[in-house]
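Novice:
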Amino acid sequence: MTLTEMAAPPAVRPYQHYVYAYPHKTAYRPLSREHASLRELWADEPKDALSLYFHIPFCEVRCGFCNLFTRIGAPDGLTAAYLDALERQAAAVREALGDGARFANAAFGGGTPTFLEAAELERLCDLAERGLGADLTAIPLSVEASPATATADRLAVLAERGTTRLSLGVQSFVDAEARTAVRPQRRADVEAALTRIRDAGIPVLNIDLIYGIAGQTKESWRHSLDAALAWQPEELYLYPLYVRPLTGLGRHHGPALGDAEWDQQRLGLYRHGRDHLLARGYEQVSMRMFRRANAPNTGGEDYACQTDGMVGLGCGARSYTSTLHYSFDYAVDMHRIRGIIDDYTGRATDDFRHADFGWQMGAEEARRRHLLQSLLQAEGMPVADYRTRFGTAPGDDFAVELARFRDRDWLDDSAGPDLLRLSSEGLAHSDALGPELFSAAVRKRMATYEAK
Numbered sequence: 003m004t005l006t007e008m009a010a011p012p013a014v015r016p017y018q019h020y021v022y023a024y025p026h027k028t029a030y031r032p033l034s035r036e037h038a039s040l041r042e043l044w045a046d047e048p049k050d051a052l053s054l055y056f057h058i059p060f061c062e063v064r065c066g067f068c069n070l071f072t073r074i075g076a077p078d079g080l081t082a083a084y085l086d087a088l089e090r091q092a093a094a095v096r097e098a099l100g101d102g103a104r105f106a107n108a109a110f111g112g113g114t115p116t117f118l119e120a121a122e123l124e125r126l127c128d129l130a131e132r133g134l135g136a137d138l139t140a141i142p143l144s145v146e147a148s149p150a151t152a153t154a155d156r157l158a159v160l161a162e163r164g165t166t167r168l169s170l171g172v173q174s175f176v177d178a179e180a181r182t183a184v185r186p187q188r189r190a191d192v193e194a195a196l197t198r199i200r201d202a203g204i205p206v207l208n209i210d211l212i213y214g215i216a217g218q219t220k221e222s223w224r225h226s227l228d229a230a231l232a233w234q235p236e237e238l239y240l241y242p243l244y245v246r247p248l249t250g251l252g253r254h255h256g257p258a259l260g261d262a263e264w265d266q267q268r269l270g271l272y273r274h275g276r277d278h279l280l281a282r283g284y285e286q287v288s289m290r291m292f293r294r295a296n297a298p299n300t301g302g303e304d305y306a307c308q309t310d311g312m313v314g315l316g317c318g319a320r321s322y323t324s325t326l327h328y329s330f331d332y333a334v335d336m337h338r339i340r341g342i343i344d345d346y347t348g349r350a351t352d353d354f355r356h357a358d359f360g361w362q363m364g365a366e367e368a369r370r371r372h373l374l375q376s377l378l379q380a381e382g383m384p385v386a387d388y389r390t391r392f393g394t395a396p397g398d399d400f401a402v403e404l405a406r407f408r409d410r411d412w413l414d415d416s417a418g419p420d421l422l423r424l425s426s427e428g429l430a431h432s433d434a435l436g437p438e439l440f441s442a443a444v445r446k447r448m449a450t451y452e453a454k
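The numbering used here applies: residue 3 is where the sequence shown begins, and numbers increase by one.
#1: So for H37, helix, strand or coil by DSSP?
#2: Tell me, which residues are paired with L168 by DSSP?
#3: Taking 7 angstroms as the limit between beta carbons, can you name the residues of its chain near I215, skipping five residues before and five after?
#4: Considering only C-alpha positions, which residue in the set G270, A333, P298 is nearest to R73?
#5: Per DSSP, Y284 forms a beta bridge with which residues?
#6: N107 bridges to which residues according to DSSP?
#7: What residue does the beta strand (DSSP E) around H327 start on, and which one ends it?
#8: Counting contacts by CB-CB distance shorter than 8 angstroms, is P242 in contact with chain B?
#9: Taking a contact to mean a Cβ-Cβ separation below 8 angstroms, would you say R369 touches A29 in this structure?
#10: Which of the three DSSP states is assigned to Y346 in this structure?
#11: Taking 7 angstroms as the limit between beta carbons, can you name the residues of its chain near E427, skipping five residues before and five after?
#12: What is the DSSP secondary structure of H274, counted as helix, strand or coil?
#13: Near D191, what residues of its chain come up, given a Cβ to Cβ distance below 6 angstroms and the 5 sequence neighbours on each side ignored?
#14: Label S416 either buried or exposed according to how many other C-beta atoms from any shown protein chain fall within 10 Å of its C-beta, with 16 as the threshold for buried.
#15: Have a look at N296, G283, P419, Q266 and flag the residue whose alpha-carbon is nearest the alpha-carbon of A13.
#16: I'd like the list of long-range same chain contacts for A258, defined as Cβ closer than 7 angstroms, with 5 residues on each side in sequence excluded.
#17: Quick one: any contact between the region 283–301 and the region 29–46, if contact means 3 or more CB pairs under 8 angstroms?
#18: In its own chain, which residues sit with a C-beta less than 7 angstroms from the C-beta of L5, not counting the 5 before and 5 after it?
#19: Take the Cβ of N433 as the centre, count every other Cβ of all protein chains shown within 10 Å, and call the residue buried at 16 or more, exposed below.
#20: Can you tell me whether D310 is buried or exposed, with buried defined as 16 or more other CB within 10 angstroms of its CB?
#21: Going by the beta-carbon positions, is the gap between E236 and P142 smaller than 8 angstroms?
Set out below in structure tokens:
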């Protein structure tokens, strides 16, 4: 080994953890009821720009890579029982929020919300509007769908009730790749679903694609990209494939994390996809998200994920206050998920008046969350915003981490001292950078979490 090799820093694995919220749910632990009253949690919170989220934990199939909280199918009566429970929870939450709560945006996720039939989607919208007071026709509403469930009658309901964004999980337009990812679908069915979505007139179409599937090449990846671009989607999300414990791929192929060759394959595909979209009129919003330059503005700018609260309903949803992030129990194993859903549907209204699992947000964690959620956006973070909120500068609070990122050329110093922004290389390594901002306490909780 040469002196140069001995002195070289260890290579950083680019794909470590997908970070879209902090801290991760695997850091949550059971809460004592006497300290988790929703009324007390929300009493002193600003409630003029809340985010509303409904979680629907049902899918017609479960993809091999999926570690989301969802189950396959629903026995007779289960979706109705779930909506009944959502109604009871909505009553408890509205009581806790009190008068004056206003929602700045809303989303239906899962699972697959469009697993619900058209009449059930009507009821879901009614729960948001009548149950919680959200005006869905006046705020951005995003809904997730799959090709098989994006039927004309469901889409008509969503369009009429104010949906501004429909996100379709496609993952690949190559049938063989979809099968490899354990996502049984045909391109012809995907194209038919896209036709129905465009016919419905929903302003923003998002298409999700995945790179890193076994056997995928740069040519087949570009084939999927071009097939998606043919629909001129207002948004595209490019997701790296992860193989997680207890998922279909994880059970049959074992975890692939740490595979250096696979890391480089994914990084190469990411860069190719990024450059392909940038050259065709898309702007990069984050590592994953790309928006067409002339996409319509659907509003919601008054909501800031770093500071404003989130109200989540459904057994897979999270809620955020300034002092506590909370949810119900979390699982990936199908048997455990069924048990949690059964527990949820059997609850009375009073059982929804407290938080079950969560993480107390102290001042240090709030700083980490603000920096992380801001830095992972391509536009970066105005240093003045951080200083106004916390009274300190990010360079004071995270000197070691920021110096490390700068040494790796992950920061864009051309932005000047007033803006903290990732470089192109920093965005490419978002799934490595994000975890490096986790606190020791969060890391310890995540490490001791028992996968279930």
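From the three backbone atoms N, C-alpha and C, an ideal C-beta is built for every residue, glycine too. It should be emphasised that the depicted structure is a prediction, and the values quoted were computed from it without experimental measurement.
Specialist: Working from what's here:
#1: The residue you call residue 37 lines up with position 35 of the sequence shown. Three-state result, H37: helix.
#2: Start at 1 with the first residue of the sequence shown, and residue 168 comes out as number 166. The partner list for L168 (beta bridge, DSSP) reads V145, L207.
#3: As a working mapping, residue 215 is identified with position 213 in the sequence shown. For I215, the CB contacts under 7 angstroms within the same chain, skipping 5 residues up- and downstream, are S174, E179, T182, A183, L243 in chain order.
#4: Within the sequence shown, residue 73 is the residue found at index 71, counting from 1. The shortest Cα separation from R73 among G270, A333, P298 belongs to A333.
#5: Indexing the sequence shown from 1 puts residue 284 at position 282. Answer is R294.
#6: Position 105 of the sequence shown, counted from the first residue, corresponds to residue 107. Bridge partners of N107: S53.
#7: Taking the sequence shown and counting its residues from 1, the one referred to as residue 327 is at position 325. In the DSSP assignment, H327 falls within the unbroken beta strand (DSSP E) covering 326–329.
#8: In the displayed structure, chain B is absent; only one protein chain is listed.
#9: As a first step, residue 369 must be located in the sequence shown, where it is residue number 367. As a first step, residue 29 must be located in the sequence shown, where it is residue number 27. With contacts defined by Cβ atoms closer than 8 angstroms, R369 and A29 do not form a contacting pair.
#10: Along the sequence shown, read from residue 1 onward, the residue named residue 346 stands at position 344. Three-state result, Y346: helix.
#11: The residue given as residue 427 occupies position 425 in the sequence shown. Counting only Cβ-Cβ distances below 7 angstroms, and skipping sequence neighbours, we find D411, W412.
#12: For the purposes of this step, residue 274 is taken as residue 272 along the sequence shown, with counting starting at 1. Note: H274 maps to helix in three-state DSSP.
#13: Along the sequence shown, read from residue 1 onward, the residue named residue 191 stands at position 189. For D191, where only same-chain residues beyond five positions count, the Cβ hits under 6 angstroms are P149.
#14: As a working mapping, residue 416 is identified with position 414 in the sequence shown. Taking all protein chains shown into account, S416 has fewer than 16 neighbouring C-beta atoms within 10 Å of its C-beta and is therefore exposed.
#15: Here the question's residue 13 lines up with position 11 in the sequence shown. Comparing Cα-Cα distances from A13 to each of N296, G283, P419, Q266, the minimum goes to Q266.
#16: Your numbering for residue 258 matches position 256 in the sequence shown. Reliability of the predicted coordinates at A258 is poor, the pLDDT of 48 falling under 50, and the value obtained from them is presented with this limitation in mind. Within the same chain, A258 has close Cβ partners V245, W264.
#17: No, they do not touch.
#18: Residue numbering aside, residue 5 sits at position 3 when the sequence shown is read from its first letter. Legend: pLDDT at L5 = 33, less than 50; position of this residue unreliable, no value from coordinates given.
#19: In the sequence shown, the residue the question calls residue 433 occupies position 431. The sequence shown places Asp at residue 433, rather than the Asn named in the question. Label assigned to D433: buried.
#20: Numbered from 1 along the sequence shown, position 308 holds the residue referred to as residue 310. Result: buried.
#21: Residue 236 sits at position 234 when you count from the first residue of the sequence shown. Residue 142 sits at position 140 when you count from the first residue of the sequence shown. Annotated as distal: E236 and P142, with beta-carbon spacing of 8 angstroms or more.
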